[in-house]
Amino acid sequence: MSAPLAPLISRLLSRSSRGLALGLDRVESALATLGSPHLDLAAVVVAGTNGKGSTAAMLESVALHAGLRAGLTTSPHLSRFNERIRVAGAPIADDAFAAALGRVLVDARDDLTFFETLTCAAFVAFAEARVDIAVLEPRPLATGITAIAEGDGEGRHLEHAALLGDSVAAIAREKAGILRRSVPAVWGPMTAEATAVVADVAREVGAGPCWQVTHGAPPPAGVEAVRVASSGVRDVRVALPEGPALELQIGLAGRHQHDNAAVAAALAWHVGAIWPEVRAAISRGIQAARWPGRLERLAVGAGVDVWLDAAHNVDGARALARAFPELGPGPERVVLVFGALADKAFVPVLELVVRLAA
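Note that numbering that gives the first Met the number 0 numbers the sequence shown so that position 139 is 138, with each residue one more than the last.
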């Protein structure tokens with residue numbers, strides 16, 4: 000980290016104590032002060048409880064393989080703070096990050112939260128870098144929703160319930176807030192309750208066309224099916240409502256990535272209405288996508304592998320528990336190292352993953 004960036008990061012981190020604030024008023028006001036850098040961005044928005052980062056990484060990879068200059072903003076970072084803003088497939092350079100963050104901290108209103116400040120900095124950075132497409136908000140070319148947390152199926156252990164609502168339906172309605180009139184929308188498999196809510200919001204705002212990833216069950220009226228059929232741990236066939244069926248080999252491990260890949264492919268297909276080369280790059284991009292900390296395998300020598308996974312809620316742990324036996328050794332050879340923040344539902348998460356290890 001360069002010297003000019005370090006004090007700016009410290010100032011940004013000091014805003015963490017402000018917590019989270021819903022609504023866009025402060026961000027819109029700040030962006031107006033900064034010259035509205037977001038208005039000229041072609042964007043795709045991805046929401047959901049689990050799978051957002053993987054889906055966004057696959058979509059970014061498709062855009063890069065299509066020859067586009069892509070921007071991506073995600074949270075949190077894994078190794079370096081710069082990972083939260085990516086330009087052209089790499090974490091933002093220190094000098095560019097310092098310039099963008101410095102503008103927001105100096106020129107914009109000073110009551111922004113940590114996430115609001117970082118979001119504004121991403122818009123400034125993407126405008127300066129002249130990206131062709133940004134995986135973020137606003138004015139989207141398409142919107143995607145990956146998965147809605149189910150918790151334990153009885154209304155317990157829902158992530159961020161204090162902010163998003165204490166039921167699957169309430170959380171689904173909040174996530175569906177990204178849908179926009181006349182903008183294509185794609186969402187992954189969900190419970191019948193969550194599906195009904197998202198479809199209702201889509202009708203209310205006039206979003207469309209609307210597609211849902213399904214393994215056989217028909218989607219609601221007015222929603223077309225993206226049909227997924229798995230033929231192996233990493234091989235999946237995705238049949239879109241239009242165009243040819245896509246035979247995909249997924250670079251990210253775990254069968255739960257099949258649904259994320261289908262959402263990413265469908266979003267990329269919609270983006271291809273503007274950039275046809277994106278459609279031609281879907282297969283290569285999804286195969287080449289990498290997203291550290293999601294069933295990431297590190298070979299450390301002497302026949303020992305280390306697998307890293309960032310599952311931190313019940314839904315993520317359930318996916319990990321299903322996926323790992325197909326990828327790793329038997330539990331008699333596995334040592335589990337587990338850590339979680341105190342505000343997470345770590346007991347039910349641990350109960351799901353502890354059976355994977357001796």
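In this text, a Cβ means the ideal position worked out from N, Cα and C, and glycines have one as well.
Check: Own chain partners of residue 55 with C-beta closer than 7 angstroms, once the 5 adjacent residues on each side are dropped; Outcome: 45, 71, 73 and 134
Check: Alpha helix (DSSP H) segments (min. 4 residues) lying fully within the region 279 to 330; Outcome: 281 to 287 and 313 to 326
Check: Rounded distance between the beta-carbons of residue 140 and residue 273, thought under 8 angstroms; Outcome: 7 angstroms
Check: Start-to-end residues for the alpha helix (DSSP H) that takes in residue 33; Outcome: Unbroken run through residue 33: none, as it is neither H nor E.
Check: Cα-Cα separation between residue 94 and residue 319, rounded to whole angstroms; Outcome: 38 angstroms
Check: For residue 267 and residue 280, the rounded distance between their alpha carbons; Outcome: 9 angstroms
Check: Coarse secondary structure for residue 351, derived from DSSP in three states; Outcome: helix
Check: Residue 60 in three-state terms, based on DSSP; Outcome: helix
Check: Enclosing alpha helix (DSSP H) for residue 268 [first to last residue]; Outcome: 255 to 270
Check: Nearest-angstrom Cα separation, counted from residue 221 out to residue 100; Outcome: 43 angstroms
Check: Cβ-based burial, residue 80 [other Cβ within 10 Å; buried from 16]; Outcome: buried
Check: Outcome for residue 180 when other beta-carbon atoms lying within 10 angstroms are tallied against a minimum of 16; Outcome: exposed
Check: Any alpha helix (DSSP H) of 4 or more consecutive residues that is wholly inside the region 60 to 106; Outcome: 93 to 106
Check: Where the beta strand (DSSP E) containing residue 144 begins and where it ends; Outcome: 139 to 144
Check: Option in 204, 132 and 333 with minimal Cα separation from residue 183; Outcome: 204
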